[in-house]
Amino acid sequence: RKEVEQDPGPFNVPEGATVAFNCTYSNSASQSFFWYRQDCRKEPKLLMSVYSSGNEDGRFTAQLNRASQYISLLIRDSKLSDSATYLCVVNSRNAGNNRKLIWGLGTSLAVNP
Amino acid sequence: GAVVSQHPSWVICKSGTSVKIECRSLDFQATTMFWYRQFPKQSLMLMATSNEGSKATYEQGVEKDKFLINHASLTLSTLTVTSAHPEDSSFYICSARGFRAMNYEQYFGPGTRLTVT
Chain A
1 RKEVEQDPGP FNVPEGATVA FNCTYSNSAS QSFFWYRQDC RKEPKLLMSV YSSGNEDGRF
61 TAQLNRASQY ISLLIRDSKL SDSATYLCVV NSRNAGNNRK LIWGLGTSLA VNP
Chain B
1001 GAVVSQHPSW VICKSGTSVK IECRSLDFQA TTMFWYRQFP KQSLMLMATS NEGSKATYEQ
1061 GVEKDKFLIN HASLTLSTLT VTSAHPEDSS FYICSARGFR AMNYEQYFGP GTRLTVT
């Protein structure tokens, strides 16, 4: 089982639609969770951190369910510019006990006019 | 947010040669830098973690003698791909984390696209 799993999509939605992405993680000791956005052939950019109580940033809402080891991202009123790959990321520790980020494969979103 | 640069942004080299990629934090001191690799349609894979002034910690399966990492200062880390082969062609991305980084946030460089012919 992969440490971080996401539905790769692609999700094709019309402008203005609401779309939700899900992510599960296997390491119950993970403590920090993030959603990143990656455009084609570019580096990933932090979209938002995910907090236990859930958090919202404009049209974006992130939720965390520690019991189910599940993270979600909801995008309301989709814009064309939201088209990208959304990466679910959790922290972990490597062999040197350094914290490291574990990346999901990403979910591809295409918002159509 | 913090700025991280990478140089070069793309490079084409012949098989057997070595390529050095630089990663710089421009407006903060990076105590830890990370090197990632991403193949087409794959997720980012951490190659190694380096702390300033100490040896890098490599992830399982990453050859430390092939991918040489130097983190000599708080603003510069370099990755050298030695004796590159076509299978090393990939998108190499560095990220940096500074003092008092909140929630372990990392700042990413724009990446270096390496093509080995």
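Line by line, the protein sequences give chains A and B. The end of the first sequence is residue 113 by this note's numbering, with every number in the run present. The end of the second sequence is residue 1117 by this note's numbering, with every number in the run present. C-beta: ideal position from N, C-alpha, C; glycine also. Fair warning: this is a prediction, and the values are worked out from it, not measured in the lab.
Item: Return the residues of the stretch 36 to 49 of chain A that lie within a Cβ-Cβ distance of less than 9 Å from chain B, sorted by chain order.; Value: Tyr36, Gln38, Arg41, Lys42, Glu43, Pro44, Lys45, Leu46, Ser49
Item: Would you decide whether glycine 1061 of chain B is buried or exposed? Buried here means 16 or more other CB atoms lie within 10 Å of its CB.; Value: exposed
Item: What does leucine 1110 of chain B touch in chain A if you count any residue whose Cβ is under 9 Å from its own?; Value: Inspection of the sequence shows that residue 1110 of chain B is occupied by proline rather than by leucine. Correct list: Lys42, Glu43.
Item: Give the C-beta separation of glycine 104 of chain A and glutamate 5 of chain A to the nearest angstrom, bearing in mind that I take them to be a contact with Cβ-Cβ under 8 Å.; Value: 7 Å
Item: How big is the Cα-Cα spacing for valine 13 of chain A and leucine 109 of chain A?; Value: 8 Å
Item: Looking at the strands, I want to know which residues DSSP matches up with proline 14 of chain A.; Value: A:Asn112
Item: In chain order, what residues of the same chain have a beta carbon less than 8 Å from the beta carbon of proline 8 of chain A, not counting five sequence neighbours either side?; Value: Leu105, Gly106, Thr107, Ser108
Item: Give the range of the beta strand (DSSP E) segment to which glycine 58 of chain A is assigned.; Value: Note, glycine 58 of chain A: premise wrong, no beta strand (DSSP E); not H, not E.
Item: Name, please, each residue of chain B whose Cβ falls closer than 9 Å to the Cβ of glycine 104 of chain A.; Value: Ser1043
Item: Put leucine 73 of chain A into one of helix, strand or coil per three-state DSSP.; Value: strand
Item: Of the residues B:Val1003, B:Ser1005, B:Lys1020, B:Leu1046, which one's Cα is nearest the Cα of alanine 1084 of chain B?; Value: B:Lys1020
Item: Report yes or no: is there a C-beta of chain A within less than 7 Å of the C-beta of leucine 1068 of chain B?; Value: no
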